[in-house]
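Take 61 as the starting number for the sequence shown in my numbering and just add one per residue.
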Amino acid sequence: VATPATLQKRSHTVQKIQNIIHKRYGRKYQLEVFGSTRYGVDTESSDLDLVIIDPDRILGIEPHIFRPKFPGEYRSLTRLADVLRREQFTNIQAIPFASVPIVKFHDPDTGIQGDININHQLGLFNTHLLAAYCNIYPNLRVLIRAVKTWAKSHGLNEPSPKGAGEQTSFSSYALTLMIVVFLQVKGVIPNLQSGLPPFDPTASTGLFWLSKKGEGKTACDVRFRIPHDWVPSPSTRSLTGDEASVGDLLVEWFRFWGWEADYGRTQASIKHGG
Numbered sequence: 061v062a063t064p065a066t067l068q069k070r071s072h073t074v075q076k077i078q079n080i081i082h083k084r085y086g087r088k089y090q091l092e093v094f095g096s097t098r099y100g101v102d103t104e105s106s107d108l109d110l111v112i113i114d115p116d117r118i119l120g121i122e123p124h125i126f127r128p129k130f131p132g133e134y135r136s137l138t139r140l141a142d143v144l145r146r147e148q149f150t151n152i153q154a155i156p157f158a159s160v161p162i163v164k165f166h167d168p169d170t171g172i173q174g175d176i177n178i179n180h181q182l183g184l185f186n187t188h189l190l191a192a193y194c195n196i197y198p199n200l201r202v203l204i205r206a207v208k209t210w211a212k213s214h215g216l217n218e219p220s221p222k223g224a225g226e227q228t229s230f231s232s233y234a235l236t237l238m239i240v241v242f243l244q245v246k247g248v249i250p251n252l253q254s255g256l257p258p259f260d261p262t263a264s265t266g267l268f269w270l271s272k273k274g275e276g277k278t279a280c281d282v283r284f285r286i287p288h289d290w291v292p293s294p295s296t297r298s299l300t301g302d303e304a305s306v307g308d309l310l311v312e313w314f315r316f317w318g319w320e321a322d323y324g325r326t327q328a329s330i331k332h333g334g
């Protein structure tokens, strides 16, 4: 768990970058934190995940709808990297051809590292959804930390290997989804994306347009609901009752993915309830 001192350093770095964005691009552009540091499953070593929100493209880049151009510097990831470099950030690396183009940075004043992207808001929407699941079932946060600790100690939490011979493995987000799926299948938590009206890609809310080179634009349904009257299934008492421990949950998680999941005939999807 991150200490209060680390949380304060992160807050300082976020405010510092927000001030830079305001100075260089205008006060209408806001900086948002997403990922594990936002929904409370971060550790001392967790990096910051940041996104610059463009109010002129709050739904992303919609097809066939005109929007004024970004400021020249804002539109370019490499120029954003140059801006951070001039502001004395170090270890700057622009990665424009990633699935989500980012700039990596290190704040020498606080020692905080992180990534920043420009208006790719799906990570932020996913963060809101996972935070809602954690609020419904607080043990979810503890279980996520336990699984991530186990995975990291076995080299299974390395989506971007850095050293020779290292293999690509699970991202922290993938591990988190595996935990949510497990809890949904067991009836411990509900499906927050069910019971909604049919998705309307022409709506003005509840969606975000994902744009990828060579793949066009995709309307993503980012809606979810909070079921205030939901209660866990009675059959889950051993996992949800006062006597349940995180150790019990962890054992059941391993059993589910090691023996119960049918990899040949099923796929995991939290949107479809498991």
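For every residue, glycine included, the Cβ atom is placed at its ideal position computed from N, Cα and C.
Length of the line joining the Cα atoms of residue i and residue j
i, j, result
"serine 254", "arginine 285", "8 Å"
"glycine 183", "phenylalanine 149", "24 Å"
"leucine 140", "glutamine 75", "16 Å"
"alanine 241", "leucine 144", "The residue asked about is misnamed: residue 241 is valine in this sequence, not alanine. Each residue's alpha carbon lies about 39 Å from the other."
"aspartate 114", "alanine 211", "35 Å"
"serine 231", "serine 220", "8 Å"
"tyrosine 233", "arginine 87", "31 Å"
"aspartate 116", "glutamine 90", "12 Å"
"histidine 214", "threonine 228", "12 Å"
"serine 159", "lysine 272", "7 Å"
"isoleucine 155", "aspartate 142", "13 Å"
"isoleucine 152", "tyrosine 85", "19 Å"
"glutamate 122", "arginine 315", "43 Å"
"lysine 277", "isoleucine 330", "23 Å"
"proline 198", "valine 306", "11 Å"
"glutamine 68", "glutamine 78", "15 Å"
"glycine 324", "glutamate 275", "28 Å"
"glycine 334", "glutamate 147", "45 Å"
"isoleucine 13", "isoleucine 239", "Nothing in the structure corresponds to residue 13, since the chain is present only between 61 and 334."
"aspartate 289", "aspartate 308", "26 Å"
Sequence-distant residues of the same chain with beta carbon closer than 6 Å to residue i, five excluded per side
i, result
"glycine 243", "For the sequence presented, residue 243 should be read as leucine rather than glycine. Contacts found: Ile249."
"serine 337", "In the structure as shown, the chain begins at 61 and stops at 334. Residue 337 is therefore absent and cannot be evaluated."
"glycine 120", "Phe268 and Trp269"
Distance between beta carbons of residue j and residue i, contact taken as under 8 Å
i, j, result
"leucine 235", "asparagine 217", "7 Å"
"leucine 137", "isoleucine 178", "7 Å"
"phenylalanine 185", "phenylalanine 268", "6 Å"
"leucine 110", "isoleucine 176", "4 Å"
"alanine 65", "threonine 103", "Incorrect: roughly 14 Å between the Cβ atoms, too far for contact."
"alanine 279", "proline 261", "4 Å"
"valine 207", "tryptophan 313", "7 Å"
Per DSSP, the bridge partner or partners of residue i
i, result
"alanine 154", "Val163"
"aspartate 175", "Asp109 and Lys164"
"tryptophan 290", "Answer is none; tryptophan 290 lacks a bridge partner."
"leucine 270", "Thr278"
"glutamine 90", "Ile113"
"glycine 120", "Trp269"
Beta-carbon proximity list for residue i, same chain, < 7 Å, skipping 5 on both sides
i, result
"valine 101", "Arg201, Ile204 and Arg205"
"tyrosine 99", "Thr187, Leu190, Ala191 and Cys194"
Notebook entry, point to check: Contact between the stretch 189-200 and the stretch 164-172: three or more CB pairs below 8 Å?
Noted result: The stretch 189-200 is not in contact with the stretch 164-172.
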